[in-house]
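Protein chains in written order, with my numbering: chain A, 11 to 686; chain B, 11 to 686.
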């Protein structure tokens, strides 16, 4: 029996100015909110007070060393709901904290009451004198700069200047100079802080990236005249890197590169029998040559691996390695540590099962048998790869291992190697997917792959960008080596184009599995994955054909647009717009100038024809405010110029543009607003 | 500047079996969840684990002394959402706690896998032997009763009995006796407790009650031949108590009974000038005769008050006093403690204002000037009334006083006088209304009074019974001395009947303002309150007329039905049913036998015609499961007998009964299901 220490629930007195429902807070502050360096994080809280006096709130961001980094006066309250909001932007990695301070705003109270009462002729002299006293006291505070003191003193003089009309005197107390002085140094009373909540700040790659997946043994594999295959190597795989980097990808992800077991090895197309030369699944890890910390002899040596990593870096890419924490029956751990596996009543080691199905080529680790021993072994194994330059791990099926194991190891790596990004490959129920994020995974595969129609996609993009964006960063993949949906099987080249556009713009991280450029869309009969899947065999591809199909050019274009536009590098900034056509999806990503790393506003409007077969047309009903556009003057119409980043064409749009997209010619518009 | 101590956010490791999103938890455990003695509280949590093994959860309720009171295995998980649920029922007052324990269920895992594998002929002997070993270990545990040990040992023998078929041997391991033994003493592994969360348990009156409001000076007031009014007294008011008790009310609530100021006293109908004999508003508290701890000389003495309280108790009623924390300019505190008020720049004390309006008869206390002095004075004043038998306070406008004041005083009273109930009269925004509940108010007035149509009422009843039910207990009032909505002004007797039915059945606490029986529905022109409001004058009512109008009889009937039916004494158990007619509202309250204080299931279905003018008819689409009714056999139709508690008639209903209600004859059905 194990037990966590229950979270203490000390009674905290309510503040003089109550601050409640602070967001984004994960499980009452148990898990940290996630952000990357330079990302504006929206902070919200319910802040209110008794009676009618003015209330205000400040969002305070605190550095990892405990010093305050920034104070932002929050906008609000939303009428009726008392919600205040502000964005805070951390500028370095580490574990930051944030809090919300509610406070009484005596100047706001006076300004509001004075305007009403002086206009109504009630208590006129009294209100002006009270304003003068308030600003006089405000001017006496320490630490004000000279211009602020002067502005406040001028206002005091103006409020008391009875040669002026009451309206003029009031105006002196509410001048722009006074507002500016008090904005810089607000008069705050009864400052009531919330708890401080954790905000973990990662490097940008934890949020933003373009991944490209390969089976390294396929890159350079060749068949001799006898039909026998020769494995590609890390050296031959290196030769393909310039092509991948040329398409704009910045993470090269390798499926497992370890020795592969022979016991119950799977044959081509997942058959239970093999023939001579079948290389086996790289997910059946471990052989006499070694386990998770070894390299398959066919692929090369650690020197070759170092060469691969160095070349990737030269090309601006980092290397992600697939970690599948399971063993073939031939894994060294089976001999050395039989106690790490489940022993059946007959003394045998338990295979992986999904009753009544058995996976006899895989022994799952039993993390409860020797948690410490297994932990140390896995940690040391990961360290080997980090030493050799791996900066990201794609973790296979993390949802079949205990959450407390993940929390411990991710916490240790976050402390020792904060640069290393962990991607969770868990296609399962929301509680597990979110909690894997909460315990430390930087990114997660998502259900994007199965969200096909307009309603599903719109709702899912909003879900990913909503409350859970602070816990689970999505990675969007149109296909993987395990997944080829019916839509992709049937929709031809257009389907591959459509899903690439959606993945590249629907979230800041996306990924492509090798062969996407070739529209590899033939499934193994009865399965939703590729026929002749390279999990079980070598695959040599005619990359030259890709140029002809045009998908490679599209991928390159999409990555270029992503790099150019900071709005596409953020998660929480999505708006889905109404469209008249059921197969036309429109969404936008917008960054205000003050939340944009470039200091300039950026807006991208994506319109996609989701129907891979036919031309669709219809009206898009844009949410103007979500695009950061000002309302037109009464009687005027809004007009603005959009540039299609895919074609370079410009168009004049109003708030309800008409669009028409032929999926065989151009499946989407990726519009940016000109003159930004 | 004041500051609360921020809540610490220690990092709590995730459990081996994660337990997240425990409900009902208020602000991460900051505020307690509310319940009354004998109330079944629904506990929910998200509990899940890695892989496919079985997971289970237990809700644990812990007494105020820290000992465990009960363990309930939670039902669940809801497919896909991993939510478990159970009800726990505290049986005494005090501050209890609850927690959720997630655990691994090895028997559940074995039972699930064994069934599938043995049916498929996979690992048959192995699975049977593993079951035998599991139950053998289960039988070895300490503390099992003899019959459980025997059941488990029999199962072990049966699983190993190879003279039987595998199916028979499996059945031995999954027998009812085994299930019962393991239900009583589950095999739990990796037990992972959540935090413990507070559950404050009050006496039943905090949730359930029928209140009746009077201005005691009106009860027995009389006019002499010169037209001069003579105040009613506490003694004459006592004479009306039998009539009120006879209608089934159990709380008699008195508007303020203190000396009334004369400075800026308001005249009849809220005029700014008075004439000789105008008694003034009892909310303008304080005069040379005394303040909040004194009794108006016209009403009598503390002896008279004691007499009133004693008589009320004899009649089964308790006494609630109105507490309005504000002062007339003549209040003794104004002389003794001018520092408790806001001093303007001209040296005067600030009146109450809502700029540009002024309320010159009222000085608000400024709680920030001498918080400690004001706190002690108010606490001591409340103690006076508690000493004289007051067990409930109706607090006027609590949302104009600081929340931290309320939290402190309500906490102190909860400790010293846990029987005293505080009712919050705050008609304001949700954050304030909920937070007043969170800091300790037992009950709250609600927006029921302004929810008129079917959609509004259905949504509001669901809101009151939803998440916020653990924080804010509603009190439903059709009218008050301050509120007479247009619906009540215009709808005649039928409107008064309709709203009484809704208030009496829409929540466990409701209240009526004196004169309701007489359908007093004439407003002061331009205001939504009574003309000739007894706030400003004496009001003698012809109570005999009430008998003729019939509302008194209705109130009596409603209170009798409420007392008879425990389902009407609970808050969270409401279901709103679809109806075909837009003015016909149907809702039900249901208690399962195991959650009912009587040990019997209880179901009340209320159907109300909301239109006070015309007969309405239509179909009610009952949610069968919400009424606790079993589904009919295929091909059968559900039929059950309902009894109309308002008429005594019985009807046969199916799942979609037709109803027709003439508001001038019978505005509602209050149906109970017979044969329960």
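Glycine residues also receive a C-beta, built at the ideal position from the N, C-alpha and C atoms.
- Fewer than three beta-carbon pairs drawn from the region 223 to 241 of chain B and the region 496 to 513 of chain B are found closer than 8 Å, and the two stretches are therefore not classed as touching.
- Considering only B:458, B:32, B:560 and B:57, the residue with the shortest C-alpha distance to residue 503 of chain B is B:560.
- Only residues of its own chain outside the window of five on either side were considered, and among them 656 have a CB closer than 7 Å to the CB of residue 567 of chain B, listed in chain order.
- Residue 685 of chain A has a beta carbon lying at 8 Å or more from every beta carbon in chain B.
- Between residue 187 of chain B and residue 161 of chain B, the gap from beta carbon to beta carbon is short of 8 Å.
- Rounded to whole angstroms, the Cβ separation of residue 600 of chain B and residue 638 of chain B is 5 Å, and the two are in contact under 8 Å.
- Residue 441 of chain B has a beta carbon lying within less than 8 Å of a beta carbon in chain A.
- Taking the beta carbon of residue 449 of chain B as reference, the chain A residues within 7 Å of it are 24, listed in sequence order.
- Taking a beta-carbon distance threshold of 8 Å, residue 58 of chain B counts as an interface residue toward chain A.
- Taking 8 Å as the CB threshold, residue 126 of chain A lines the interface with chain B.
- Cβ atoms of residue 309 of chain B and residue 244 of chain B come within 8 Å of each other, at about 5 Å.
- Counting along the chain, no beta strand (DSSP E) covers residue 458 of chain B, and no H or E run does either.
- If you ignore the 5 residues before and after residue 622 of chain A, its C-beta comes within less than 7 Å of the C-beta of 501, 502, 504, 505, 508 and 673, all in its own chain and listed in chain order.
- With fewer than 16 other Cβ atoms inside 10 Å of its own Cβ, residue 647 of chain B counts as exposed.
- Annotated three-state conformation of residue 629 of chain A is strand, per DSSP.
- Distance from the CA atom of residue 634 of chain B to the CA atom of residue 663 of chain A, rounded to whole angstroms, is 53 Å.
- At a cut-off of 8 Å between C-beta atoms, residue 88 of chain B does not count as an interface residue with respect to chain A.
- Here the alpha carbons of residue 249 of chain A and residue 392 of chain A stand approximately 26 Å from one another.
- A check of alpha carbon separations from residue 317 of chain B across B:251, B:410 and B:206 identifies B:251 as the nearest.
- At a cut-off of 8 Å between beta carbons, residue 30 of chain A contacts chain B.
- In its chain, beyond the 5 residues on either side, 384, 411, 412 and 415 have a beta carbon closer than 7 Å to the beta carbon of residue 377 of chain B.
- Of all residues in the region 398 to 419 of chain B, only 409, 410, 411, 412, 413, 414 and 417 place a beta-carbon less than 7 Å from a beta-carbon of chain A.
- Considering only beta carbons, the part of the region 444 to 468 of chain B lying closer than 9 Å to chain A consists of 444, 445, 448 and 449, in chain order.
- In the displayed model, residue 370 of chain B falls within coil according to three-state DSSP, outside both helix and strand.
- Residues of the region 132 to 145 of chain B with a Cβ closer than 7 Å to any Cβ of chain A, in chain order: 132, 136, 139, 140 and 143.
- Taking 8 Å as the cut-off between beta carbons, none of the residues of the region 513 to 529 of chain A comes near chain B.
- Not a single CB atom of chain A sits nearer than 8 Å to the CB of residue 491 of chain B.
- In the DSSP assignment, the residues bridged to residue 432 of chain A are A:403.
- Among the CB atoms of chain B, none fall inside 8 Å of the CB of residue 543 of chain A.
- Interface criterion met: the Cβ of residue 62 of chain A is under 8 Å from a Cβ in chain B.
- The C-beta of residue 78 of chain A comes no closer than 8 Å to any C-beta of chain B.
- Secondary structure of residue 494 of chain B (DSSP, three-state): coil.
- By alpha-carbon distance to residue 189 of chain A, the top candidate from A:253, A:205, A:209 and A:121 is A:121.
- About 15 Å separates the beta carbons of residue 24 of chain A and residue 114 of chain A, which is beyond the 8 Å limit, so they are not a contact pair.
- Residue 619 of chain A: member of the beta strand (DSSP E) spanning 612 to 619, first to last residue.
- With respect to chain A, the C-beta atom of residue 92 of chain B has a partner C-beta closer than 8 Å.
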